[in-house]
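Enquirer: Residue numbers (the working numbering): 12 to 1022. Questions regarding the structure given below will be posed in turn.
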Amino acid sequence: MGWIRWWVAGIGVMASGIGNPVSAFERDLGARQPQTLDIRPGPLSEALLAFGKQTGIQVMTSGGTLAFHASSGLHGRELPAHALEKLLAGSGLVAQFVDASTVVIRQEPRRASSPATSIKPAAVLPRQENLEPVQLKRIEVLGSLIPRVEVETASPVVVITAEDMRQRGFATVADALQQSSFATAATAYTTNSGDLWGAKTIGIFGLDPSFTKYLIDGRPMAGFSQPAINTNSTNLVNNLTTIPIDIVERIEILPGSQSSLYGSDAIAGVINIITKKYYRGASLDLRYGGYSDGGGQNRKLSFSDMIHSGPFQLSFGAQLTSVAPVFAYQRAVTAQNFAAGISPQRATPVMSAMSLQTGRQQLLSPTGCAGLASLWGGTVVAAGTAAVPYCGSVRSNSGVNLSNKDKSASLSTHASYTFSPRFQLYSDALATYEEQIQTSLPSWSGVIVDGGDEYYLSRSFAPEEVGGDAYQKQYETNASWALGGKGSFGEGWNYDLSVNLGLDRMAVREGGPVADAVTGSYGSQVAGSGLGTGSPDYDLLYSALTPAEYARIARFATVHAATDDDVVRAMLTQTSLFSLPAGDVGLAAVMEGGYQAWRYMPEEAFLDGTLNNLYIQPSHGHRTRWATAAELSIPLLKTLTLDTSARYDSYDSAGNTSGDFTYGIGLEFRPLDSLLLRAKYSTGFKAPSLVDQFQGGSSQKQYVTDYANCMTVSHSINNCAVRYMDTYASVNNISNPNLKPVTTRAFSYGVVWSPSADISFNVDYQQLVIHNEVLTESSGYVLKTEQQCRAGILDISSPSCVAALEQVERAPAIAGSGVLGNVLSVDTTKINLAREFNNALNAGFNYRLNLRRWGSLALNGAYTLILKHQQQTFPGDPTLDLLDNPAQAQAVEFRRKANASLTWSRGPWTATFYTVYYGSTPNYAAMTQGYGAPYAARLPPWVISNINLGYQATRRLYLSFQLNNIKNSMPPFDVSQNSAGNFPYNTGNYNVFGREYFIEARYQFGLASSH
12 MGWIRWWVAG IGVMASGIGN PVSAFERDLG ARQPQTLDIR PGPLSEALLA
62 FGKQTGIQVM TSGGTLAFHA SSGLHGRELP AHALEKLLAG SGLVAQFVDA
112 STVVIRQEPR RASSPATSIK PAAVLPRQEN LEPVQLKRIE VLGSLIPRVE
162 VETASPVVVI TAEDMRQRGF ATVADALQQS SFATAATAYT TNSGDLWGAK
212 TIGIFGLDPS FTKYLIDGRP MAGFSQPAIN TNSTNLVNNL TTIPIDIVER
262 IEILPGSQSS LYGSDAIAGV INIITKKYYR GASLDLRYGG YSDGGGQNRK
312 LSFSDMIHSG PFQLSFGAQL TSVAPVFAYQ RAVTAQNFAA GISPQRATPV
362 MSAMSLQTGR QQLLSPTGCA GLASLWGGTV VAAGTAAVPY CGSVRSNSGV
412 NLSNKDKSAS LSTHASYTFS PRFQLYSDAL ATYEEQIQTS LPSWSGVIVD
462 GGDEYYLSRS FAPEEVGGDA YQKQYETNAS WALGGKGSFG EGWNYDLSVN
512 LGLDRMAVRE GGPVADAVTG SYGSQVAGSG LGTGSPDYDL LYSALTPAEY
562 ARIARFATVH AATDDDVVRA MLTQTSLFSL PAGDVGLAAV MEGGYQAWRY
612 MPEEAFLDGT LNNLYIQPSH GHRTRWATAA ELSIPLLKTL TLDTSARYDS
662 YDSAGNTSGD FTYGIGLEFR PLDSLLLRAK YSTGFKAPSL VDQFQGGSSQ
712 KQYVTDYANC MTVSHSINNC AVRYMDTYAS VNNISNPNLK PVTTRAFSYG
762 VVWSPSADIS FNVDYQQLVI HNEVLTESSG YVLKTEQQCR AGILDISSPS
812 CVAALEQVER APAIAGSGVL GNVLSVDTTK INLAREFNNA LNAGFNYRLN
862 LRRWGSLALN GAYTLILKHQ QQTFPGDPTL DLLDNPAQAQ AVEFRRKANA
912 SLTWSRGPWT ATFYTVYYGS TPNYAAMTQG YGAPYAARLP PWVISNINLG
962 YQATRRLYLS FQLNNIKNSM PPFDVSQNSA GNFPYNTGNY NVFGREYFIE
1012 ARYQFGLASS H
């Protein structure tokens, strides 16, 4: 009967205008004042909905009129009629006012004399046209494949918008995610982490970063192709530095096991990065910043535009970024070794010699350290004690990077062609090229024979010796391209067919002294064999080299790595499969097929150990996979909805097939419109990574700590004899082809209360149990386990002890010495941990307050509390408490983390205050020896705050000023840290960057071009 209303309204309007060339509603329109509008680019239906809310004008349309149409949005003061013209530009639609508060959107009649878009006078509306108010388009929300209007589902989702990132001072996508309350693992600020020094990632709830699934526009993101060969993980992670922040529309974070919808890796959660598809027009953005204490100069230039031409739409964005490094010497606290701890400041050894016969250190040059005194700015001195002398410097660690030098270029495009209201072809592409440089000072170590004695020697090279070659360089290209078609058929059926190609290509250039076996190497010259004398050349050890001399003993080599992740996907959705008394049943069905490959190709210098005695074998492999999934949303009652999902994934690796079935069951109970109670049980899995299956292995001579002999001789790790604290041995990384998939069980429940449109609260509890978790052992982990087994701390007959004793090879013990033989080699491999437990509580709130003529306030906050994090290595082993007994942990995580923001807006002005709370963590003494040890304690919380001021100077020009860490707050310093190092804090948890500033200008050239 809606057409009768409009027919009568049309007659009334015509009657009111008889005898007057200007109708009543046209007079009302003319009397309207310009209004301040802020309508974001996006689907036209959502733009018109925002227009209606902001102007109070009811917008009507017939079904299907707005399908696939987009709007470039607008910002500024406009008359409503003029605003509609701009919103409809290029769409082929016209706005027809029925009265001063109602407008109808319809297709432009095909008449040559008519302009493309206009505001039409009142007319009698056709009786057959079924008009309805514009409604918010159903969208796919992370945590459900079924399009829906409700944002809140049985799974909690946190959204960080582009506006949030700008107002809170996030310079990168990594900043935004690392400061989220979920990111409690110690991964936030590490830049010097073995082979992963060029990647930034996060660990949700303190879990491994590889347990988080990353999507870009709902499609898998190609992984960082360089694994961490020499550190405690060999998983392929995702590098957040390859995602340009200016092309991001929003970030969606979905915690918990989600494999029944998103497949492998979705154990700790899913992060979906939505890129911008719509722009208001050509826009240029310039940003410059840096740190008040020096370093880190940050320059960013980005450009975006959007083109309409009938049914064709193209949007694109480009970003260039250049970031200078921050060095340790640029911060007072890291410029020299820590001098405010419980132990006196000690110089870091840069030249040391230890007799393997007596275990005593000594200076082997008659002139002592005089030949090295000019290095590290003239700070090398004879250090130690009379019993343990060495050459050292309190500033030898100050040349390392706190952050890397980084340059990147990115391009993003989105194109679509609408053939009809029922079919659209689309293409998305994103490509980033990035170069990173890290300063890395090399060193040499070895064992030489002098008469009847053997000496273990260690020599570090200074910046004055290495010259401009003290660096590692990483080149990375990460790209994805999607081509697809989406549309509808029948009554309410929608489909989306796509193919997505993802790749990551890397080249990592590293350098260092060549192996001793190479003619003319540093080691051969020191030993005397390279000089033909056979006598050690101690003068060479204790003399500074020139850069030219260093260049003759060093070499650079490159490791090339690549990953491919290609997916073909078909999705079918129906929001009204059939009707029940309580409502419509929704359905989503998905089928996927994929190809994954990984290649790791070191150059020859790595294959034969020429470079720094490091042996790395080439690795390569590929696999195919397929999956099918389905989801149902069933309204059991008007107030109760059941969400169910199930998925089966199959992997085929060179004929070795495996499959995993996962499912999820969720309930949404809405006893009131303002109240949602939710609960979900789900299972998850993570297939063995390509590295797990195809890694060729590596071997390197390293210094390891002989924990068993340390405790036997010194009864303490801190007072361990030098010969056992630094034992030279081979560390062999060995693959394990018998790994099982990681599996999980997760349960969550929570409440969302929104008493009004301006306020909402949510609290959710998450419980996760992980089985068969894969861990790459460190040599320290194996040797410490061996010591605990031999000392009876662990049951020597337990599976862990049996494995550890087999992995450590020792020389025969000297009869009557009371100690074990020296460690010769340590085998490290990947193991399936029996279980890991993780319980967390998450809370959030949002509040908006209209101050009327004083503008408006928006208050947002989030809080995460890790209630439990435990790990059991093998069945029968004791359960390790990673929160309350940090000595059992291999990393330190935050138990509590929170953030909050307060934004004030009035006219052209906005101001935001943002703060992040990092809870307490155990100090170094507690982490290494437990809370019962002397000086063991928890460090106090750390709070940093940012402020942002924005001003819309003109309709086209927006200016902003950002100040991060406004108090220049340093992290809580740890007095129990090693006084021979310059980092009195845990580098994985904290940073000492200090106060940071940005100025930014964005200029809007005009509306998106259309034809």
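Beta carbons are placed, not taken as given, at the ideal position from N, Cα and C, and that holds for glycine.
(1) What's the call for ALA398, buried or exposed, on a 16-neighbour Cβ count within 10 Å?
(2) CB-CB under 6 Å to LEU325, same chain, minus the five flanking residues each way: which ones, in chain order?
(3) When burial is assigned at 16 or more other CB atoms within 10 Å of the CB, is ALA822 buried or exposed?
(4) Whole angstroms is fine: what's the gap from LYS691's alpha carbon to ILE285's?
(5) Return the first residue and the last residue of the beta strand (DSSP E) that GLN778 is part of.
(6) Considering only residues of the stretch 649 to 722, which uninterrupted alpha helix (DSSP H) runs meet the minimum length of 4 residues and lie entirely inside it, listed in chain order?
(7) At 4 residues or longer, and completely inside the stretch 574 to 630: list those alpha helix (DSSP H) runs for me, N to C.
(8) Assuming LEU367 is part of the alpha helix (DSSP H), what are its boundary residues?
(9) Evaluate the contact criterion for the stretch 581 to 596 versus the stretch 627 to 639: three or more CB pairs, one atom per stretch, below 8 Å.
(10) Does CYS800 come out as helix, strand or coil in the three-state DSSP assignment?
(11) To the nearest angstrom, report how far apart ARG261 and PHE848 are at their CA atoms.
(12) Measuring only the C-alpha atoms, how far is LEU374 from CYS731?
(13) In angstroms with no decimal places, state the Cα-to-Cα distance between ARG298 and GLY496.
(14) Taking DSSP as the reference, what is the three-state secondary structure of VAL1003?
(15) By Cβ distance, which residues of its chain are closer than 6 Å to PHE434, with the 5 residues on each side in sequence left out?
(16) To the nearest angstrom, how far is the alpha carbon of ALA123 from that of GLU502?
(17) Check this for me: beta carbons of PRO682 and PRO752, under 8 Å apart or not?
(18) Please report the straight-line C-alpha distance between TYR290 and ILE256, rounded to a whole angstrom.
(19) State the Cα-Cα distance for the pair VAL169 and LEU970, rounded to the nearest angstrom.
(20) Rounded to the nearest angstrom, how far is the Cβ of ALA640 from that of VAL601, given a contact under 8 Å?
(21) CA-CA distance, TYR437 and PHE430?
(22) Quick check on DSSP: helix, strand or coil for LEU331?
(23) Candidates TYR428, SER414, GLY463, ALA440: which alpha carbon is nearest SER451's?
(24) Can you give the Cα-Cα distance for SER271 and VAL763, rounded to whole angstroms?
(25) Can you list, in chain order, the residues of its chain with a C-beta nearer than 6 Å to that of ASP417? Leave out the 5 residues immediately preceding and following it.
(26) Would DSSP call ASP439 helix, strand or coil?
(27) Do you know whose CA, among LEU786, LEU876, ALA824, lies nearest THR840's CA?
(28) Can you pull the DSSP bridge partners for CYS2?
(29) Which first and last residues belong to the beta strand (DSSP E) in which LYS418 is found?
(30) For MET938, which option in ARG1013, PHE1004, ILE728, LEU835 has the closest C-alpha, if you only look at C-alpha atoms?
(31) Which of helix, strand or coil does DSSP assign to HIS571?
(32) Just confirm the distance between the C-beta atoms of ALA568 and ALA616, as a whole number of angstroms; I'd bet it's less than 8 Å.
(33) Would you mind stating whether TRP920 and TYR858 have Cβ atoms separated by less than 8 Å?
(34) Answer yes or no: does any C-beta atom of chain D fall closer than 8 Å to that of THR286?
(35) Could you give the first and the last residue of the continuous alpha helix (DSSP H) run that contains ILE564?
(36) I'd like to check one pair, LEU188 with SER221: are the Cβ atoms closer than 8 Å?
Expert: Quick answer:
(1) Walking along the sequence shown from the start, residue 398 turns up at place 387. Under this definition ALA398 is an exposed residue.
(2) Start at 1 with the first residue of the sequence shown, and residue 325 comes out as number 314. Once the five neighbours on either side are set aside, the close Cβ partners of LEU325 are ILE318, ALA426.
(3) Sequence index remark: in the sequence shown, residue 822 carries index 811 (1-based). ALA822 comes out exposed.
(4) Residue numbering aside, residue 691 sits at position 680 when the sequence shown is read from its first letter. Residue numbering aside, residue 285 sits at position 274 when the sequence shown is read from its first letter. Taking the straight line joining both Cα atoms gives about 25 Å.
(5) Taking the first residue of the sequence shown as 1, we reach residue 778 at position 767. Where GLN778 is concerned, the enclosing beta strand (DSSP E) stretches over 770 to 787.
(6) 701 to 705
(7) 615 to 618
(8) For the purposes of this step, residue 367 is identified with residue 356 of the sequence shown, where counting begins at 1. Taken as a continuous stretch (DSSP letters only), LEU367 belongs to no alpha helix (DSSP H), as it is neither H nor E.
(9) no
(10) For the purposes of this step, residue 800 is taken as residue 789 along the sequence shown, with counting starting at 1. Correct three-state label for CYS800: helix.
(11) Against the sequence shown, residue 261 aligns to sequence position 250. Against the sequence shown, residue 848 aligns to sequence position 837. If I take the Cα positions, the gap works out to 31 Å.
(12) The sequence position of residue 374 within the sequence shown is 363, counting from 1. The sequence position of residue 731 within the sequence shown is 720, counting from 1. Cα to Cα, LEU374 sits roughly 20 Å from CYS731.
(13) By 1-based counting over the sequence shown, the position of residue 298 is 287. By 1-based counting over the sequence shown, the position of residue 496 is 485. So the two alpha carbons sit approximately 37 Å from each other.
(14) Within the sequence shown, numbered from 1, the residue matching residue 1003 stands at position 992. Coil.
(15) The residue given as residue 434 occupies position 423 in the sequence shown. Cβ neighbours of PHE434 beyond the five flanking positions: GLY498.
(16) Your numbering for residue 123 matches position 112 in the sequence shown. Your numbering for residue 502 matches position 491 in the sequence shown. Annotation note: pLDDT 42 at ALA123 (below 50); position unreliable, no value reported.
(17) The count along the sequence shown starts at 1 and reaches residue 682 at position 671. The count along the sequence shown starts at 1 and reaches residue 752 at position 741. It is not a contact, given that the beta carbons lie outside the stated cut-off.
(18) On the sequence shown, position 279 is the one that residue 290 refers to. On the sequence shown, position 245 is the one that residue 256 refers to. Near 15 Å, if we compare the C-alpha coordinates of ILE256 and TYR290.
(19) Numbered from 1 along the sequence shown, position 158 holds the residue referred to as residue 169. Numbered from 1 along the sequence shown, position 959 holds the residue referred to as residue 970. Whole-angstrom Cα-Cα distance: 28 Å.
(20) Here residue 640 refers to the residue found at position 629 when the sequence shown is read from its first residue. Here residue 601 refers to the residue found at position 590 when the sequence shown is read from its first residue. Indeed, because the Cβ distance is near 5 Å, the residues count as touching under 8 Å.
(21) Position 426 of the sequence shown holds residue 437. Position 419 of the sequence shown holds residue 430. Taking the straight line from one Cα to the other gives about 11 Å.
(22) Walking along the sequence shown from the start, residue 331 turns up at place 320. Of the three classes helix, strand and coil, the one that applies to LEU331 here is strand, per DSSP.
(23) Counting from one through the sequence shown, the residue named residue 451 turns up at place 440. Cα-wise, what sits closest to SER451 is SER414.
(24) As a position in the sequence shown, residue 271 is number 260, starting the count at 1. As a position in the sequence shown, residue 763 is number 752, starting the count at 1. In a straight line, the C-alpha of SER271 is about 24 Å away from that of VAL763.
(25) As a first step, residue 417 is located in the sequence shown; it is residue number 406 there, counting from the start. For ASP417, where only same-chain residues beyond five positions count, the Cβ hits under 6 Å are VAL334, GLN447.
(26) On the sequence shown, position 428 is the one that residue 439 refers to. DSSP places ASP439 in strand when its eight states are reduced to three.
(27) As a working mapping, residue 840 is identified with position 829 in the sequence shown. Out of LEU786, LEU876, ALA824, LEU786 has the C-alpha closest to the C-alpha of THR840.
(28) One cannot answer for residue 2 here, as it falls past the ends of the chain, which runs 12 to 1022.
(29) For the purposes of this step, residue 418 is identified with residue 407 of the sequence shown, where counting begins at 1. Per DSSP, LYS418 belongs to the beta strand (DSSP E) from 416 to 431.
(30) Translated into the one-based positions of the sequence shown, residue 938 becomes position 927. If we check each option's Cα against that of MET938, ILE728 comes out closest.
(31) By one-based count along the sequence shown, residue 571 stands at place 560. In this structure, HIS571 counts as strand in the three-state DSSP scheme.
(32) As a first step, residue 568 is located in the sequence shown; it is residue number 557 there, counting from the start. As a first step, residue 616 is located in the sequence shown; it is residue number 605 there, counting from the start. The pair is a contact, with the Cβ atoms about 4 Å apart (cut-off 8 Å).
(33) Within the sequence shown, numbered from 1, the residue matching residue 920 stands at position 909. Within the sequence shown, numbered from 1, the residue matching residue 858 stands at position 847. Result no, Cβ atoms of TRP920 and TYR858 do not sit closer than 8 Å.
(34) Judged by its chain identifiers, the structure shown contains no chain D, having just a single protein chain.
(35) Your numbering for residue 564 matches position 553 in the sequence shown. Here the alpha helix (DSSP H) through ILE564 covers 558 to 564.
(36) As a working mapping, residue 221 is identified with position 210 in the sequence shown. As a working mapping, residue 188 is identified with position 177 in the sequence shown. No.
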